[in-house]
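There are 2 protein chains.
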Amino acid sequence: MFSSAIVPPTKSQRTRAHIRDVALVSFRERGYDATTIRLIAQEAGVSVGTTNYHFSSKNHLVQELYLDVQNAHREAAAPLLAASGDLVHRIGIVYRCGLDQLSAYHPFAPEFLSAAVSPRSPINPLSDESAPALAIVEGLFREAVDGASAALPAEFRDGFPHALVLAHLLLALFWVYDRSPGQKRTHALLERGLRLLRLALPLTRLPLLRKPLRELLDLVADVKA
Amino acid sequence: MFSSAIVPPTKSQRTRAHIRDVALVSFRERGYDATTIRLIAQEAGVSVGTTNYHFSSKNHLVQELYLDVQNAHREAAAPLLAASGDLVHRIGIVYRCGLDQLSAYHPFAPEFLSAAVSPRSPINPLSDESAPALAIVEGLFREAVDGASAALPAEFRDGFPHALVLAHLLLALFWVYDRSPGQKRTHALLERGLRLLRLALPLTRLPLLRKPLRELLDLVADVKA
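Sequences listed follow chains A and B, in order. Numbering of the first sequence is given in the UniProt record's numbering, commencing with residue 1 and proceeding in unit increments. Numbering of the second sequence is given in the UniProt record's numbering, commencing with residue 1 and proceeding in unit increments.
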């Protein structure tokens, strides 16, 4: 494994990366429906056979898009997380950076949603194929929770990031439907949710509320499974 | 208007009702994708032109399906609601009867979802075209809340049915993904949600919780608008 970073990529690896880059630009500029393997091959200057050798379907390229978006999400959030200890502020950073990464795709969001929403779709965000991209999001929320200066009660710390990921998927669903300029209604909903979270967090220490809150996190864990 | 109930339907009204009935059977047996205007016309023994005269697209027939499902939902729930005064029990009746009406369509749920989920789709449950069917559901939840023997605090009574409708749409989304026999995971999730509601209801009277709860209902109202 040592020195792997300085081994130059093979020709095959370069071709793969080039096809991938062309596809990501196409998804961003043309959307899901109008992007085809034939078009990508043409723009990448390779044959359809070569494209299929590296990516056996358009949906495999969508998975590359998901990874690209979530890696950019992580890179945008990391320096901001390093600078804040406040739990609600940290959670807000992860949500806001996530929405920012999506914004370029908003014109095509309905067609991505139609293609991705079926439980049979390999580009469904909850499918096995999408698990690596979703794991990046979950890791970010876990880092936001675990790295806060005032920790949550231990009994909630494990389940809470799951609930935040589910809320992130629902927020993204709302965002698809949001036709306001710059999707400002989605941003307003997020800020409202964060204010509510700040109001609700001290309540997690009330003995009377511990059971309902644990039950709520258990219910959310059921939704994700 | 008087005596309208005994005026026999015109030939045109009978043709319309017949086409509609044939389409509803087709949606139930073939699903969304395989049901076409051509096939419905053929099975109804009328021309494609006659079918298009009464229903200008397949999606207009889906609206008839929505109304049929929600009218059956109301008919199933009404006698049960009349027999119970307990708020959580009444809410459970509306959810359970709603799931029961959907169960025949589960094999085709992914294709209905793909067709309906886009914000541009006229069969999206939140579209203007679907408003009459959704109003039936909201009316049922409002009746469940307003007719309970122990009333909710007044400040929550208006917003709560909205929140229940939103939860119903999310439960239906979970149900589409539920591959367990008889969708028993959806039913288990519902029962868990109802237990949580029973646990949480007394808390609506705690002064400390009123503001977060009002904020939560305001947030939900934002989601629906």
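Glycine included, each C-beta is placed from N, C-alpha and C at the ideal position.
Discussion item. Nearest by alpha-carbon distance to H168 (chain A): which of A:L126, A:P107, A:R157 is it?
Written reply: Locating residue 168 (chain A) in the first sequence gives position 168, where the first residue counts as 1. Ranking the options by Cα distance to H168 (chain A), first place goes to A:L126.
Item to complete: State the start and end residues of the unbroken alpha helix (DSSP H) segment that holds P132 (chain A).
Response: In the first sequence, counting from the first residue as 1, residue 132 (chain A) sits at position 132. Looking at the DSSP string, the run of the alpha helix (DSSP H) that includes P132 (chain A) is 131-146.
Discussion item. Need the endpoints of the alpha helix (DSSP H) that D21 (chain B) sits in, please.
Written reply: Residue 21 (chain B) sits at position 21 when you count from the first residue of the second sequence. Note, D21 (chain B): alpha helix (DSSP H), 11-30.
Discussion item. For the segment 162-185 of chain B, list every residue whose C-beta sits within 7 Å of some C-beta in chain A, in sequence order.
Written reply: The residues in question are F174, V176, Y177.
Worksheet item: Do the CB positions of L203 (chain A) and G193 (chain B) come within less than 8 Å of each other?
Response: In the first sequence, the residue the question calls residue 203 (chain A) occupies position 203. In the second sequence, the residue the question calls residue 193 (chain B) occupies position 193. Their beta carbons are not under 8 Å apart, which means L203 (chain A) does not touch G193 (chain B) by this criterion.
Discussion item. Between which two residues does the alpha helix (DSSP H) holding I123 (chain A) run?
Written reply: Locating residue 123 (chain A) in the first sequence gives position 123, where the first residue counts as 1. Looking at the DSSP string, I123 (chain A) is not in any alpha helix (DSSP H), and its letter there is neither H nor E.
Discussion item. On a Cα-Cα basis, can you pick out the residue from B:A109, B:S103, B:H89 that is closest to D33 (chain B)?
Written reply: Residue 33 (chain B) sits at position 33 when you count from the first residue of the second sequence. Of the listed residues, the one whose Cα sits closest to D33 (chain B) is B:A109.
Fill in: Buried/exposed call for V94 (chain B), threshold 16 Cβ in 10 Å
In the second sequence, counting from the first residue as 1, residue 94 (chain B) sits at position 94. Result: buried.
Practice prompt. Answer with buried or exposed for M1 (chain B), where buried requires no fewer than 16 other C-beta atoms within 10 angstroms of its C-beta.
Written response: Locating residue 1 (chain B) in the second sequence gives position 1, where the first residue counts as 1. Per-residue confidence for M1 (chain B) stands at a pLDDT of 47, beneath the threshold of 50, marking its modelled position as unreliable; the derived number appears in the next sentence. It counts as exposed.
Worksheet item: Span of the alpha helix (DSSP H) holding V176 (chain B)?
Response: Taking the second sequence and counting its residues from 1, one reaches residue 176 (chain B) at position 176. Unbroken alpha helix (DSSP H) run through V176 (chain B): 160-177.
Item to complete: May I ask which residues mark the beginning and end of the alpha helix (DSSP H) holding S149 (chain A)?
Response: Numbered from 1 along the first sequence, position 149 holds the residue referred to as residue 149 (chain A). Note, S149 (chain A): premise wrong, no alpha helix (DSSP H); not H, not E.
Discussion item. Give me the chain B residues within the contact set of D33 (chain A), using Cβ-Cβ distance strictly less than 7 Å, ordered along the chain.
Written reply: Taking the first residue of the first sequence as position 1, residue 33 (chain A) is located at position 33. Chain B residues near D33 (chain A): none, gap ~11 Å exceeds 7 Å.
Worksheet item: Sorted by chain position, which residues of the same chain lie with C-beta nearer than 7 Å to G92 (chain B)'s C-beta, five sequence neighbours on each side aside?
Response: Here residue 92 (chain B) is taken as the residue at index 92 of the second sequence, counted from 1. Closer than 7 Å at Cβ, skipping near neighbours: L194.
Worksheet item: Can you tell which of A:L189, A:L206, A:V223 has its C-alpha closest to the C-alpha of D222 (chain B)?
Response: Translated into positions along the second sequence, residue 222 (chain B) becomes position 222. For D222 (chain B), the nearest C-alpha among the options comes from A:L189.
Practice prompt. Whole angstroms is fine: what's the gap from V46 (chain A)'s alpha carbon to A104 (chain A)'s?
Written response: Within the first sequence, residue 46 (chain A) is the residue found at index 46, counting from 1. Within the first sequence, residue 104 (chain A) is the residue found at index 104, counting from 1. Going from the Cα of V46 (chain A) to the Cα of A104 (chain A) covers about 27 Å.
Worksheet item: Any Cβ of chain B within less than 8 Å of the Cβ of R210 (chain A)?
Response: Translated into the one-based positions of the first sequence, residue 210 (chain A) becomes position 210. Not one chain B Cβ lies under 8 Å of R210 (chain A).
Worksheet item: Interface residues of chain B around L196 (chain A) at Cβ under 7 Å?
Response: Against the first sequence, residue 196 (chain A) aligns to sequence position 196. Neighbours of L196 (chain A) on chain B, chain order: P212, E215, L216, L219.
Item to complete: For the segment 83-114 of chain B, enumerate the residues whose C-beta is nearer than 9 Å to any C-beta of chain E, in chain order.
Response: This model lacks chain E altogether, as its protein chains are A and B.
Worksheet item: With a CB to CB cut of under 6 Å and the five nearest residues on each side skipped, what residues in its chain are close to V88 (chain A)?
Response: The sequence position of residue 88 (chain A) within the first sequence is 88, counting from 1. So the list reads L194, L197, R198, once near-sequence residues are dropped.
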